[in-house]
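The structure under discussion appears below in the form of structure tokens.
Protein chains: 2
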Amino acid sequence: MSQPGAPLSFIAASLQRERRRTGLSLAELARRAGIAKSTLSQLESGAGNPSVETLWALGVALDVPFAQLVEPPRPRVQVIRKGEGPALASERADYVATVLSASPPNARRDIYLVTAQPGEPRESDPHMPGVVEHVVLSTGRALVGLTDDPVELAPGDYVSYPGDRPHVFRALEPDTAAVLVSEHV
Amino acid sequence: MSQPGAPLSFIAASLQRERRRTGLSLAELARRAGIAKSTLSQLESGAGNPSVETLWALGVALDVPFAQLVEPPRPRVQVIRKGEGPALASERADYVATVLSASPPNARRDIYLVTAQPGEPRESDPHMPGVVEHVVLSTGRALVGLTDDPVELAPGDYVSYPGDRPHVFRALEPDTAAVLVSEHV
DNA sequence: CCACTGCGTTCGTCAACACGAACGATCGAC
DNA sequence: GTCGATCGTTCGTGTTGACGAACGCAGTGG
Numbered sequence: 041m042s043q044p045g046a047p048l049s050f051i052a053a054s055l056q057r058e059r060r061r062t063g064l065s066l067a068e069l070a071r072r073a074g075i076a077k078s079t080l081s082q083l084e085s086g087a088g089n090p091s092v093e094t095l096w097a098l099g100v101a102l103d104v105p106f107a108q109l110v111e112p113p114r115p116r117v118q119v120i121r122k123g124e125g126p127a128l129a130s131e132r133a134d135y136v137a138t139v140l141s142a143s144p145p146n147a148r149r150d151i152y153l154v155t156a157q158p159g160e161p162r163e164s165d166p167h168m169p170g171v172v173e174h175v176v177l178s179t180g181r182a183l184v185g186l187t188d189d190p191v192e193l194a195p196g197d198y199v200s201y202p203g204d205r206p207h208v209f210r211a212l213e214p215d216t217a218a219v220l221v222s223e224h225v
Numbered sequence: 041m042s043q044p045g046a047p048l049s050f051i052a053a054s055l056q057r058e059r060r061r062t063g064l065s066l067a068e069l070a071r072r073a074g075i076a077k078s079t080l081s082q083l084e085s086g087a088g089n090p091s092v093e094t095l096w097a098l099g100v101a102l103d104v105p106f107a108q109l110v111e112p113p114r115p116r117v118q119v120i121r122k123g124e125g126p127a128l129a130s131e132r133a134d135y136v137a138t139v140l141s142a143s144p145p146n147a148r149r150d151i152y153l154v155t156a157q158p159g160e161p162r163e164s165d166p167h168m169p170g171v172v173e174h175v176v177l178s179t180g181r182a183l184v185g186l187t188d189d190p191v192e193l194a195p196g197d198y199v200s201y202p203g204d205r206p207h208v209f210r211a212l213e214p215d216t217a218a219v220l221v222s223e224h225v
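Going down the list, the protein sequences come from chains A and B. Here the first sequence is numbered in my numbering, starting from 41 and rising by one per residue. Here the second sequence is numbered in my numbering, starting from 41 and rising by one per residue.
Shown next, in the form of structure tokens:
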């Protein structure tokens with residue numbers, strides 16, 4: 041069961057790191073979280089497979105999102121020039137979405153650069169439940185949002201909507217560009 | 041111990057929902073995750089406080105990000121017109137960052153619209169460890185990235201870098217605009 | 001009608017998680 | 001130096017999670 045996916049060791053590390061960051065002592069943190077010091081000690085030493093309730097209490101006491109305690113981070117500087125990067129062209133050539141940042145393997149948040157031309161709107165089938173999309177228009181004008189109730193955006197405008205419902209991106213001017221953040225809540 | 045923050049009941053719900061979505065039977069999912077059917081049954085019925093290892097195995101088997109099983113989602117359509125929204129102006133008036141989407145209360149991911157004028161670069165002090173920033177340039181030109189090694193961006197270009205190190209945003213043309221995603225890994 | 005298969009639940013049993021208490025170590029005050 | 005306090009660890013105990021087996025049900029085909 042020593043799968044690399046098993047975050048037990050990572051939990052130990054991040055737990056200790058976050059505690060150090062807040063300057064709390066082990067005993068103090070245990071007191072605030074309402075758990076035994078011994079339990080926390082063993083967790084930080086890498087031994088043990090905590091229950092959700094225990095780990096949740098620690099997350100609350102540390103004021104740290106739960107996921108940060110179990111899922112590894114991901115750093116690095118990366119540059120993608122316009123036109124580079126994997127392009128997810130639509131069937132029609134007047135809509136191009138370029139993947140700027142994808143979170144493998146189970147996506148949590150993807151960032152796309154979308155360029156589109158006026159014409160037939162780009163209808164998107166609903167994604168997985170819990171997906172939220174954010175769109176910031178860079179240039180041009182576009183009708184964006186839920187298919188039932190789209191919103192017209194000008195440069196600098198922003199809209200977000202649940203991605204698990206039918207939604208649309210329709211350019212109203214040539215060379216319309218936008219940044220799309222697809223977030224896996 | 042019946043804290044409202046305790047996601048035990050939410051886990052039960054989302055667990056069952058995700059399983060239904062994939063069309064797997066309870067027994068089949070338990071087999072793939074390598075856990076006992078009885079365990080999964082009790083979990084879905086809301087009873088029990090699973091260990092991290094157990095819940096992780098289920099997340100893998102369901103191909104669902106871990107956080108989705110324990111943290112409630114957050115939907116809704118929201119529009120922020122250019123110029124609206126809370127603005128985080130710098131000391132100098134030639135740099136304005138507008139908050140488009142913040143994830144309360146413990147930020148996981150924030151989206152800003154940045155508009156800047158040429159002049160003194162906007163130096164940012166390092167944020168918390170694990171923060172990653174993504175920048176997509178909309179209009180103008182700018183020098184963006186780590187202070188040590190910034191990158192010149194043209195419209196449509198993209199760069200990401202660790203936010204826990206000193207970084208900079210320096211406009212090279214008037215009315216330079218960019219979308220900035222600050223991600224709390 | 002009766003095996004037979006797969007579903008989801010319930011029931012004992014065992015392992016392990018969480019707990020409290022005691023420990024040595026370190027630091028500061030008297 | 002000697003208390004006292006706090007730190008982080010280790011040990012023994014009981015509470016609970018995870019397991020396997022057996023159960024009742026429903027659908028199938030012999």
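Cβ atoms here follow ideal geometry from the backbone N, Cα and C, with glycine treated the same way.
- A Cβ-Cβ distance of about 12 angstroms is found for the pair B:A87 and B:L80, leaving them out of contact under the 8 angstroms criterion.
- Look at the beta carbons and you see the segment 48-63 of chain A touching the segment 85-105 of chain A: at least three pairs across the two are nearer than 8 angstroms.
- Of all residues in the segment 170-190 of chain B, only G170, V172, H174, V176, S178, T179, G185, L186 and D189 come within less than 8 angstroms of chain A when Cβ atoms are compared, listed by chain position.
- A:P206 has a beta carbon lying at 8 angstroms or more from every beta carbon in chain B.
- With a cut-off of 8 angstroms on Cβ pairs, the segment 153-160 of chain A is not in contact with the segment 191-203 of chain A, counting fewer than three such pairs.
- Listed in chain order, the non-local C-beta contacts of B:E84 below 6 angstroms within the same chain comprise A52, L55 and Q56, local neighbours out to five positions each way being set aside.
- Contact annotation for A:G86 against chain B: no contact, minimum CB-CB distance about 13 angstroms [criterion: below 9 angstroms].
- Within chain B, no residue has its beta carbon less than 8 angstroms from that of A:V154; the closest one is some 10 angstroms off.
- Counting only residues of its own chain and dropping the five nearest sequence neighbours on each side, A:Y198 has a CB closer than 6 angstroms to the CB of V176.
- Where A:R210 is concerned, there is no enclosing alpha helix (DSSP H), although the beta strand (DSSP E) around it starts and stops at H207 to A211.
- DSSP places A:S85 outside any beta strand (DSSP E), giving it a letter other than H or E.
- In the three-state reduction of the DSSP assignment, A:L220 falls in the strand class, which pools E and B.
- Between B:V219 and B:I151, the gap from beta carbon to beta carbon is short of 8 angstroms.
- Around the Cβ of B:S78, a 10 Å sphere holds fewer than 16 other Cβ atoms; the residue is exposed.
- Residue environment analysis places B:S65 among the exposed positions, since fewer than 16 neighbouring C-beta atoms fall within 10 angstroms of its C-beta.
- Residue state for A:V104 is assigned as coil, using DSSP reduced to three classes.
- Comparing C-alpha distances from B:L186 to each of B:L48, B:E163, B:L212 and B:G180 shows the shortest one belongs to B:E163.
- Counting along the chain, B:E111 sits inside no beta strand (DSSP E), nor does DSSP assign it H or E at all.
- Around B:G159, no beta-carbon contact reaches into chain A at under 9 angstroms, the shortest distance being about 20 angstroms.
- The beta carbon of A:E163 sits no closer than 8 angstroms to any beta carbon of chain B.
- Classified as buried, B:S222 has 16 or more neighbouring CB atoms from the shown chains inside 10 Å of its CB.
- When CB distances to chain B are screened at a threshold of 7 angstroms, the residues of the segment 68-96 of chain A falling below it are N89, P90, S91, V92, E93, L95 and W96, in chain order.
- Taking a beta-carbon distance threshold of 8 angstroms, B:L48 counts as an interface residue toward chain A.
- Nearest to A:E173 by alpha-carbon distance, out of A:V110, A:W96, A:D215 and A:V208, is A:V208.
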